[in-house]
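Q: Before I ask anything, let me first share the structure, which is written out below as structure tokens.
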Amino acid sequence: MDSDGTQDARGTHASPVPRPAGPPEVPAMPPRPPRAPAPPLPDGSAFLTWLRAPRPDAAPGVWRFGHRPRPAEEPEEIPTRQLLSGALIAFLVGWLVWSLLQNGYLGNWWWVPFDLIVPDAWRGGDSDLGETGTFIVYQGYELLVALGIMIGAARLGRWGEVWRRFVTPRFRRPEEQETRTAPEDDPAQWNELRASGAPDAAERLAAEARSGLMRDVDHARILRAWQGVRTGRHSLATFSGAVLKDGAAACLHPSGERDLPARLARHDLVTGQVRLGTTVDDARNPYAYRGTGLALGPDLLGTSLVAVGPAGSGKTGTVVRPLAESLCLHALAGRAAVVVVGAAGAGLGPADAYDVVVRIGNQESEYDLDLYGGTTDPDEAAAVLAEALVGDLADPHPGSDSRRSTTVLAQLLGPFRAVHGRFPSVPELRQLLDGAPGPFAALRQGLQEAGQESLLRELDARERQMGQPGDVGGVLGDRVALLDRPAFAGFFDTSGQSRPFTLKALDHPVRVRIDLPQRGHADASKMLARLVLAQFTASVAVREDRSLFACLLLDDATGVVTPEAVRGIQRLRSGNAGVVLTLRTLDDVARPLRGPLLGATGCRMALSGLTPWDGQDFAEVWGKEWTEARDVTDRQIIAETPAGKAVHMLRRVITGKAPTARAVTVRQVERERWSASELAHGVPAGHAVLSLTDVKGEHAPPLLVDLRG
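For the sequence shown, this note's numbering gives the first residue as 781, with consecutive numbering after it.
Shown next as structure tokens:
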């Protein structure tokens, strides 16, 4: 079936389908019947607490919701035993000094300031103040002296540090206390709308928030619509009318959904983050990151992510599934378009969480996959299809490509489309690549009748090349034969009888899941994964609306990384798009492509159970850093005098060790941030080492993260 890129995920054309009453623009698909909305909260207190929570600016990857910034450098901390003993000794010293003063063992000099300041008339029982007043004056002075001694003891014993370390944490609840917000800074008041001439809409939204009818997706979706008003894509009157009519349900996604069926991860749609775990309080992590939440968002996924770990290390459950869930929420808010690709039954979320579910090889699938990516250009279709069929066979060294395969396919796709008005189906393409005489003769006759001389020359060139040494037509035919199987008989239809999904629909906030038939069709699944990746990189580069973040999540990218795929990934950042690739091992990538792949992705994750060979590749790309090394030497002390020898003997009897003197040498050395051995054997189960780079170029060094926290 031919598609021009304006068709949406449900196979309907964009033009005649009415848009929602208000922004943002959404996929032109007929809305399916919405599920019953979740019951509202008794009041909006929980939503308002979430909305008003502090989200300070932080380093890349830090979970900003309720975050308390820490210093960049670790402060020098006194050991607990030394701190407590010092505090106790200071208290005893202060008590001793006060006792000595009270009992006159230190003389009466501390009364000199009292004698100099207090008038003579206030002293003695017959003073103007009376006995009670005189008692208060004398006791007050003693109290001031006692406070002075206490303050000195407190400073000497570091009582403030004891209080901050052992008492304050017991009363701190950072995420559960409601933040007091000034009315002019309260996000629940929608002050920007009021200042821009939409006070009625702002008041309606504020009332919905207070009554518990608004949720985080509603807030994010309406903010996205308001951005469209600010950029001039929509009018203020249209926006205000939609809000006054529908309240928090304004500007809905065409699916009619306001949330996902279920959530497994923690999300914050104000910052766009999803929490993956907790950065371990480990000396190898920078102090500012220790103990903080680790989260990813479009600002980091825009540089792409590659995660490597053996089966069972948590790639799907702790990385891909939360990211897919987060991007689906962003799509409901009109911010993103997401395509999730994985094996059938891989646990990538329920079908109700997606707008389109393509089950390749399952005859009950409602949707098909467009083999040619929705393009009408034979050369473009040939380039994408060649990458999918034989991209893994191309020489991975720099400077090589699959131009011959692209030329062969273009020599067939162009003439076929000129005659039939569509591209060939899988069986028809296989016959042409195999050089079957019947289809070639029919194609030649059609071109002659249409007067397509240039395309006739293309067809003649293909016939001359068939059977010649080095002709790649046979290899292409063998690869196409993997799709010409009974299991795929109802798929990749080009006659217009099916509902193909094309990645040209990524101009809209659509949620797509593609299930690959890996069981029994492993080679075909790898080829289809390459096809989706090639179509994705080609489609996002020509999108009209690049404010919509597009992301492809490819669970198990074995056999998918090719020279052209690496070049495509490098271009995604400028198109506000990214990919997430998972691998069991870097051995699934050709050796010359491992370095370029790790260099093309800004976020790199090594999960527990990595092999030393994979660890070496990560260690090389993460490089080295200057660190402080301390060499400690214990030297035995030799006593020269009889008294010294007696003291040393007594010390040896008490401690059981000979007296020694410790010498410490400090020097700066350059060492690997994470060595191959540490990555292979020092990462606990359920943990990963992750480095991050955002689209602005800011980066975080490799961090040890607990993916279960």
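Idealized CB from N, CA, C, for every residue including glycine.
May I ask you to verify whether the segment 1392-1411 touches the segment 1437-1455, counting CB pairs closer than 8 Å and requiring at least 3?
A: yes
Q: Would you check if the distance between the CB atom of L1209 and the CB atom of L1223 is smaller than 8 Å?
A: no
Q: How long is the line joining the alpha carbons of L923 and I929, rounded to whole angstroms?
A: 10 Å
Q: Please classify H1063: is it buried, with 16 or more other beta-carbons within 10 angstroms of its beta-carbon, or exposed?
A: A small fix is needed here, since residue 1063 is Ala in this sequence, not His. A1063 should be labelled exposed.
Q: Using only the alpha-carbon positions, how far apart do V1493 and R1353 sit?
A: In this structure the chain extends from 781 to 1489, so residue 1493 is not present and cannot be described.
Q: Excluding sequence positions up to five away, which residues of its chain have a Cβ less than 7 Å from the Cβ of T1155?
A: A1161
Q: Only counting the same chain, and skipping five residues up and downstream in sequence, which positions put a Cβ closer than 6 Å to that of H1331?
A: A small correction: the amino acid at residue 1331 is Cys; His does not occupy that position in the sequence shown. Answer for C1331: L1081, L1107, V1118 and G1358, listed in chain order.
Q: D1061 by DSSP, collapsed to three states: which one?
A: In the three-state scheme derived from DSSP, where H, G and I count as helix and E and B as strand, D1061 is classed as coil.
Q: My assumption, with CB atoms under 8 Å, is that M1199 sits in contact with G1218. Please give the rounded CB distance.
A: Looking at the sequence provided, one finds Val at residue 1199 rather than Met. Taking the Cβ atoms as the reference, V1199 lies roughly 14 Å from G1218, outside the contact range of under 8 Å.
Q: Is the segment 991-1002 close to the segment 1023-1041, with three or more CB pairs under 8 Å?
A: Judged by Cβ distances under 8 Å, the segment 991-1002 makes contact with the segment 1023-1041, as three or more pairs qualify.
Q: Nearest-angstrom Cα distance between A1190 and L831?
A: 54 Å
Q: With contact counted as at least three CB pairs below 8 Å, one residue from each stretch, are the segment 1269-1276 and the segment 1292-1304 in contact?
A: no
Q: Output needed for W890: all residues of its chain with C-beta closer than 8 Å, excluding positions within five of it in sequence on either side, in chain order.
A: L881 and V925
Q: What residue range does the beta strand (DSSP E) around V1199 cover?
A: Counting along the chain, V1199 falls outside any beta strand (DSSP E), though it belongs to the alpha helix (DSSP H) covering R1183 to H1200.
Q: Can you give me the start and stop residues for the beta strand (DSSP E) that A867 sits inside?
A: In the DSSP assignment, A867 falls outside any beta strand (DSSP E) and within the unbroken alpha helix (DSSP H) covering T860 to Q882.
Q: Do R1326 and Y1067 have their beta-carbon atoms positioned less than 8 Å apart in this structure?
A: In this structure, Y1067 keeps its C-beta atom at 8 Å or more from the C-beta atom of R1326.
Q: With 8 Å set as the bound, which would you pick, yes or no: does the beta-carbon of V1341 sit closer than that to a beta-carbon of chain D?
A: Among the chains in the structure shown there is no chain D, since it carries only a single protein chain.
Q: Going straight from the alpha carbon of G1008 to that of H1014, what length do you get?
A: Roughly 6 Å separates the two Cα atoms.
Q: For F1329, count neighbouring C-beta atoms within 10 Å of its own C-beta (all shown protein chains included) and say buried if the count is 16 or more, exposed if not.
A: buried
Q: For R1442, write down the residues that DSSP places opposite it in a beta bridge.
A: D1414
Q: Taking the CB atoms as reference points, tell me whether V1086 and R1279 lie closer together than 8 Å.
A: no
Q: Among L1334, T1440, T1187 and A978, whose alpha-carbon lies nearest the alpha-carbon of R1415?
A: Taking R1415 as reference, the option from L1334, T1440, T1187 and A978 with the minimal CA-CA separation is T1440.
Q: Just to confirm my understanding: we take R1101, look at its own chain, exclude 5 residues before and 5 after, and list those with CB closer than 8 Å. What are they?
A: L1044, A1045, G1127, L1128 and G1129
Q: Is DSSP giving A1091 helix, strand or coil here?
A: A1091 falls in the coil class under three-state DSSP.
Q: Quick one: what's got a C-beta closer than 7 Å to D1486's C-beta in the same chain, skipping five residues either side?
A: G1057, T1058, V1060, G1466 and H1467
Q: Three-state secondary structure (DSSP) at I1349?
A: helix
Q: Go through its chain and collect everything with a Cβ distance to P840's Cβ below 8 Å, but skip five positions before and after it.
A: D1079, L1080, L1472, T1473, D1474, E1478, H1479 and A1480
Q: Quick check on the burial criterion: 16 or more other C-beta atoms within 10 angstroms. Buried or exposed for E1229?
A: Burial call: exposed.
Q: Are there three or more Cβ pairs, one per stretch, closer than 8 Å when the segment 1310-1326 is compared with the segment 1277-1296?
A: yes
Q: From T1051 to P836, what distance separates their C-alpha atoms?
A: 10 Å
Q: Here's the rule: buried if 16 or more other CB atoms are within 10 angstroms of the residue's CB, otherwise exposed. What is N883?
A: exposed
Q: What is the DSSP secondary structure of V1485, counted as helix, strand or coil?
A: strand
Q: Cα-Cα, which of R1055, R1291 and A1269 is closest to A1131?
A: R1291
Q: Does the Cβ of P1195 have 16 or more other Cβ atoms within 10 Å, making it buried, or fewer, making it exposed?
A: With 16 or more other Cβ atoms from the protein chains shown falling within 10 Å of its own Cβ, P1195 counts as buried.
Q: Where does V1312 land, buried or exposed, given buried means 16+ other C-beta within 10 angstroms?
A: buried
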